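Numbering (our numbering), first residue to last: 1343 to 1872.
Structure, as structure tokens:
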């Protein structure tokens, strides 16, 4: 951007400048500052853009240029600013550094008495949180020797010290004891296993604050309005009341309109848990299950034949007591492995009794073994992971008191809305109970309890034996999802948080989390809100 009093010489200079930059492989546009400048039209880019501004030209309102560039947040990775000024004090007075950050690439170049130039590196960590403008000599340029750069480290390395700057970090905390400070509670060890999400998020952000030497002022949130779709944390970040969120929140398209995700770092899910207890009563049909129908028919036929033949033998041997009733009793006693009388001492009847005994032994042993095996191997009829099935089960329901439970029930999935009608019927006083009471009622059976598995499983491990744990069934209300730490849309601490914890499977420190953001932006353009 340039301006001129005598237009012709400067037009020639502009032409030579464009030719020089074009020869160097850089596309160039020069806008005289004497005209109104549409900053967004000229500086909007999806690539890296170099901006050269000559502040020595008279009659140009450079302050308005910086104000508009700040309004459109044009001091990030995408822009490299080079300012040619007459003196340092005047150049700094014209700046608007409200959106400068650790990644700002802004250089002021001043001429010196030795027919050369001095270059100054200018940035501000975060003016909104009390940061001051930093001006450091970057290097010099001489016509005979070229550039001499004094700052050889990367921007992040040389600017990483925030000098104790105070950033605001918000999160949802529900179970902090009144006698403990928030910091002590989030950092505490050996306490009750509650508020896992904010404790984990705080630990991660504490590492970032230690790495870059800034302090976190913590904001504690305890309420979630029923009509709030995205939650109080997102509302706090949207209002710029906080720079970072230490409470990991589920990645949804709607939330990308209110805040920026730093990185996804914790898988999560919630579910109703209950015991699937095998039936204690034997079903009538299981008595006949060991043999097929044809086998039962053959056994009956054989028994009838045995009764007839045995009666005939006993009659021929002139037994003291014989008849069809006695023969039938002997056959049934043999099948059931019970004792039976010896009516004669003749060989024919004894051979018949031995054959009946062997037949009864084989049938009885196979039948009893099959019955025992069927009872031992009777499968647990596990419920499908479906809220429809859970609703039809006629079990009693309750849930852990969580700030996000109503948010989960507002999900538009049909099965969630179906279950919500069942849940609304439960009296308000019976909907929420403690984890300890929930575990005890799960143990008794016929009861489904909703909780975060990270919260409830430590209690289950202590209260349940191995058999009970094997009988546990889960039906998800929140399907397996991924949580992320968030910052507000204008946060000056977003970039350093990404750099401190680059997402898995990504490389470059700058574009690592941006790849995830680009994906979500495409989703927002191509689909309706979740």
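The C-beta atom is built at its ideal place from N, Cα and C for all residues, glycine as well.
Nothing here was measured: the structure is a model prediction, and the numbers come from that model.
To the nearest whole angstrom, what separates the beta carbons of residue i and residue j, a pair I think is in contact under 8 angstroms?
i: residue 1583; j: residue 1510; result: 7 angstroms
i: residue 1451; j: residue 1461; result: 5 angstroms
i: residue 1775; j: residue 1739; result: So it is not a contact: roughly 10 angstroms between Cβ atoms.
i: residue 1397; j: residue 1433; result: 6 angstroms
i: residue 1777; j: residue 1801; result: 6 angstroms
i: residue 1616; j: residue 1815; result: 6 angstroms
i: residue 1842; j: residue 1550; result: 4 angstroms
Is residue i helix, strand or coil by DSSP?
i: residue 1559; result: strand
i: residue 1445; result: coil
i: residue 1396; result: strand
i: residue 1542; result: helix
i: residue 1657; result: helix
i: residue 1409; result: helix
i: residue 1756; result: helix
i: residue 1850; result: Any answer about residue 1850 is weak, because its pLDDT of 42 lies below 50 and its placement is not dependable; what the coordinates show is given next. Here residue 1850 sits in coil by DSSP.
i: residue 1360; result: helix
i: residue 1506; result: coil
i: residue 1517; result: coil
i: residue 1499; result: helix
i: residue 1636; result: helix
i: residue 1571; result: coil
i: residue 1765; result: helix
i: residue 1366; result: coil
i: residue 1845; result: Residue placement at residue 1845 is flagged as unreliable, the pLDDT there being 49, under the threshold of 50; a coordinate-derived value is accordingly withheld.
i: residue 1676; result: helix
i: residue 1594; result: coil
i: residue 1528; result: helix
i: residue 1652; result: helix
i: residue 1784; result: helix
i: residue 1711; result: helix
i: residue 1690; result: helix
i: residue 1474; result: coil
i: residue 1493; result: coil
i: residue 1809; result: helix
i: residue 1551; result: helix
Short check: CB of residue i to CB of residue j, under 9 angstroms?
i: residue 1478; j: residue 1459; result: no
i: residue 1698; j: residue 1673; result: yes
i: residue 1603; j: residue 1827; result: yes
i: residue 1609; j: residue 1823; result: yes
i: residue 1508; j: residue 1554; result: no
i: residue 1448; j: residue 1426; result: no
i: residue 1877; j: residue 1422; result: This structure does not reach residue 1877, given that the chain is present from 1343 up to 1872, and the question cannot be answered.
i: residue 1614; j: residue 1781; result: no
i: residue 1650; j: residue 1691; result: no
i: residue 1466; j: residue 1431; result: no
i: residue 1641; j: residue 1654; result: no
i: residue 1420; j: residue 1388; result: yes
i: residue 1695; j: residue 1712; result: no
i: residue 1829; j: residue 1585; result: yes
i: residue 1741; j: residue 1747; result: yes
i: residue 1543; j: residue 1588; result: yes
i: residue 1558; j: residue 1548; result: yes
i: residue 1752; j: residue 1765; result: no
i: residue 1821; j: residue 1611; result: yes
i: residue 1600; j: residue 1580; result: yes
i: residue 1480; j: residue 1463; result: yes
What are the residues that DSSP puts in a beta bridge with residue i?
i: residue 1791; result: 1615 and 1740
i: residue 1774; result: 1741
i: residue 1512; result: 1561 and 1587
i: residue 1479; result: 1462
i: residue 1421; result: 1391
i: residue 1820; result: 1612
i: residue 1427; result: 1452
i: residue 1484; result: 1458 and 1488
i: residue 1601; result: 1830
i: residue 1523; result: None, per the DSSP bridge assignment.
i: residue 1699; result: BP columns for residue 1699 are empty, so no partner.
i: residue 1606; result: 1826
i: residue 1814; result: 1617
Taking CB distances under 9 angstroms as the criterion, tell me whether residue i reaches chain B.
i: residue 1732; result: In summary, chain B is missing from the structure at hand, where a single protein chain is found.
Check whether the Cβ of residue i sits closer than 8 angstroms to any heavy atom of the ligand ATP, and report yes or no.
i: residue 1461; result: What this structure holds is no ligand at all, so the ligand ATP is not there to describe.
Contact the segment 1732 to 1749 vs the segment 1780 to 1790: 3+ CB pairs below 8 angstroms: yes
Contact the segment 1801 to 1817 vs the segment 1589 to 1596: 3+ CB pairs below 8 angstroms: Touching, no.
Contact between the segment 1571 to 1581 and the segment 1500 to 1517 (3+ Cβ pairs under 8 angstroms): yes
Contact the segment 1757 to 1771 vs the segment 1699 to 1712: 3+ CB pairs below 8 angstroms: no
Stretch-stretch touch, CB-based, cutoff 8 angstroms, three pairs: the segment 1485 to 1503 with the segment 1560 to 1567: no
Sufficient close CB pairs (3 or more, under 8 angstroms) joining the segment 1379 to 1394 to the segment 1407 to 1417: yes
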